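Participant:
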Amino acid sequence: MRALHSCKYFIQARRPITKDKKFVQRPAMKRRLIIFAKEPQEGLVKTRLRSLLSAKECSDLYKAFLKDTVSVAKRAACGERVIAYESFGRSPQFLKKMAPQFKFYRQRGADLGERMHNAFSDLNELRGWKTVIIGSDIPSIQDTLINDAFAYLETYDAVFGSSGDGGYYLVGINKPCGGLFKGIKWSSSVVMRQTLKKCIQLKLKARPIGTHDDVDSPEALARLKNSLKNSPDKKTAKWTRRFLKIS
-11 MRALHSCKYF IQARRPITKD KKFVQRPAMK RRLIIFAKEP QEGLVKTRLR
39 SLLSAKECSD LYKAFLKDTV SVAKRAACGE RVIAYESFGR SPQFLKKMAP
89 QFKFYRQRGA DLGERMHNAF SDLNELRGWK TVIIGSDIPS IQDTLINDAF
139 AYLETYDAVF GSSGDGGYYL VGINKPCGGL FKGIKWSSSV VMRQTLKKCI
189 QLKLKARPIG THDDVDSPEA LARLKNSLKN SPDKKTAKWT RRFLKIS
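Just so we're aligned: the sequence shown equals residues -11 to 235 in this note's numbering.
#1: Tell me where the alpha helix (DSSP H) around phenylalanine 138 begins and ends.
#2: So, are the CB atoms of isoleucine 197 and leucine 158 less than 8 Å apart?
#3: Using the Cα positions of proline 220 and threonine 199, report the straight-line distance between them to the nearest angstrom.
#4: By how many angstroms is the C-alpha of leucine 190 removed from the C-alpha of methionine 17?
#5: Within this structure, are the beta carbons of asparagine 106 and glycine 116 separated by less than 8 Å?
#6: Would you mind stating whether leucine 192 and aspartate 145 have Cβ atoms separated by less than 8 Å?
#7: Buried or exposed: which applies to serine 177, given that a residue is buried once 16 or more other Cβ atoms fall within 10 Å of its Cβ?
#8: Apart from the five residues on each side of it in sequence, which residues of its chain come closer than 6 Å, Cβ to Cβ, to isoleucine 126?
#9: Tell me which same chain residues have a C-beta within less than 6 Å of the C-beta of alanine 72, skipping the five on either side of it?
#10: Along the chain, which unbroken stretches of the beta strand (DSSP E) at least 3 residues long are found entirely within the region 162 to 213?
#11: Aspartate 202: which of Ser42, Leu32, Thr57 sits nearest, CA to CA?
#12: In whole angstroms, what is the alpha-carbon distance linking serine 42 and arginine 36?
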């Protein structure tokens, strides 16, 4: 898929609005960050990496991803942090122990679209809040990118961070958007394209933000390893670095 910044469906911002620190900090209490996550049970997470890793190693890698994602979420400028979890019928013990200060919400819905719609709707009990959902497969995500997403929601109706497989790892909205996630062919290369067409149909102004890989395939894991090895920032993805034995 083409880079988001060249996509005709997006309305481009005139300037990077998070340059103004006061602007970023002022509305932070009305910002809600939701992390979509799974309880890291062996055999049920990162299954597409089983050609490289054992079931336990897949679980341990995902635990590292979760720890890195939660660490970033703690630094983001927002007033509420939520873990929307799938725990396969069990209590999300690892997640609650890892992030006891977060709110917890059990995902509900038949597909990813329904689950995101329900999370936005069920948690949007207060008017005027900006909400951003991120996945837990991007251990190198930065809190500055999340802050940018919230800042763009002061001007735009929706913000998206694209993943290399045609989907997205981040989505934010500033008001109820019924129908935005309906009729999407999830887990396909057209997810972003179809969602952006929905934005046009619903007359929503959409804004792109940085592109990242969802790390759920051997190829994506190899790219992550290479990126972390070559990055001068050794503090990013600390737990993932430790698992991958990258100094």
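In this text, a Cβ means the ideal position worked out from N, Cα and C, and glycines have one as well. These figures come from a predicted structure and were not determined experimentally.
Facilitator: Reading off the structure:
#1: 131 to 140
#2: yes
#3: 19 Å
#4: 28 Å
#5: Their beta carbons are not under 8 Å apart, which means asparagine 106 does not touch glycine 116 by this criterion.
#6: yes
#7: Sixteen is the threshold: since fewer than 16 other Cβ atoms of the shown chains lie within 10 Å of the Cβ of serine 177, the residue is exposed.
#8: Tyr157, His200
#9: Ile22, Phe24, Tyr93, Gln95, Ala107
#10: 194 to 200
#11: Thr57
#12: Cα to Cα, serine 42 sits roughly 11 Å from arginine 36.
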